[in-house]
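Going by the UniProt record's numbering, the first residue of the sequence shown is number 1, and it counts up by one from there.
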Amino acid sequence: MDKRLVVLMSLFIFSFLIFVSLVFFNKPLTRLSRAKEETIPSPQNSLIFAWPLSSKADGEDTVQINVFVRNMNNAPLENKKVHLETTLGTLRENDLMSEKSSGKATFVLISKEAGIAEIQAIVDNYVSLEKKITIKFN
Numbered sequence: 001m002d003k004r005l006v007v008l009m010s011l012f013i014f015s016f017l018i019f020v021s022l023v024f025f026n027k028p029l030t031r032l033s034r035a036k037e038e039t040i041p042s043p044q045n046s047l048i049f050a051w052p053l054s055s056k057a058d059g060e061d062t063v064q065i066n067v068f069v070r071n072m073n074n075a076p077l078e079n080k081k082v083h084l085e086t087t088l089g090t091l092r093e094n095d096l097m098s099e100k101s102s103g104k105a106t107f108v109l110i111s112k113e114a115g116i117a118e119i120q121a122i123v124d125n126y127v128s129l130e131k132k133i134t135i136k137f138n
């Protein structure tokens, strides 16, 4: 066969496949090839809560910190590594994976020193949550 004919046939087949995919799937091919944004944690929509916000600095009283990992659509994300950093006190675990159904990771903080602890959460080692919390230890 002639090389021009082969190139022309290849171009026709490629164009036909794109046309068929657009007609039958009614979605562009780039949607199928792009990474899904639903699995990317959102620093704005993810939440961090703590209870109680004030605790004794005796090394025994605990503060429970919950981090809810969400995407841009506010849907929970599972199996995301959550890392907490604190300026005061000790976390029982610094790194946890978010739960399947709720996207929640629960941490425990204790302190033997009085003062204010500022806690920040980081998801998957690159997404820092915009919201930070403070805990007062008396």
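In this text, a Cβ means the ideal position worked out from N, Cα and C, and glycines have one as well. In this text the structure is predicted, and so the values were computed from the model without any measurement.
Spatially closest choice to residue i from the options, by CA coordinates
| i | options | result |
| --- | --- | --- |
| Ser101 | Val69, Phe137 and Ala50 | Val69 |
| Ala117 | Glu78, Ser15, Ile135 and Gly59 | Ile135 |
| Phe107 | Asp95, Met9, Ala114 and Glu113 | Asp95 |
| Val63 | Tyr126, Leu11, Gly115 and Ile110 | Ile110 |
| Glu130 | Phe12, Asp61, Thr39 and Ile48 | Ile48 |
| Ala75 | Asn125, Asn45, Phe12 and Val6 | Asn45 |
| Glu99 | Lys80, Ile133 and Asp2 | Lys80 |
| Asp124 | Arg4, Gly115, Asn71 and Leu17 | Asn71 |
Which residues DSSP lists as bridging residue i, in chain order
| i | result |
| --- | --- |
| Thr87 | Thr87 is not bridged to any residue. |
| Gly59 | Gly59 is not bridged to any residue. |
Exposure of residue i, with buried meaning 16 or more beta-carbon neighbours within 10 Å
| i | result |
| --- | --- |
| Thr86 | buried |
| Leu53 | exposed |
| Leu88 | buried |
| Ser10 | exposed |
| Val23 | exposed |
| Leu8 | exposed |
Pair within 7 Å by beta-carbon distance, residue i and residue j
| i | j | result |
| --- | --- | --- |
| Asn66 | Lys112 | no |
| Leu84 | Ala121 | yes |
| Ala50 | Phe137 | no |
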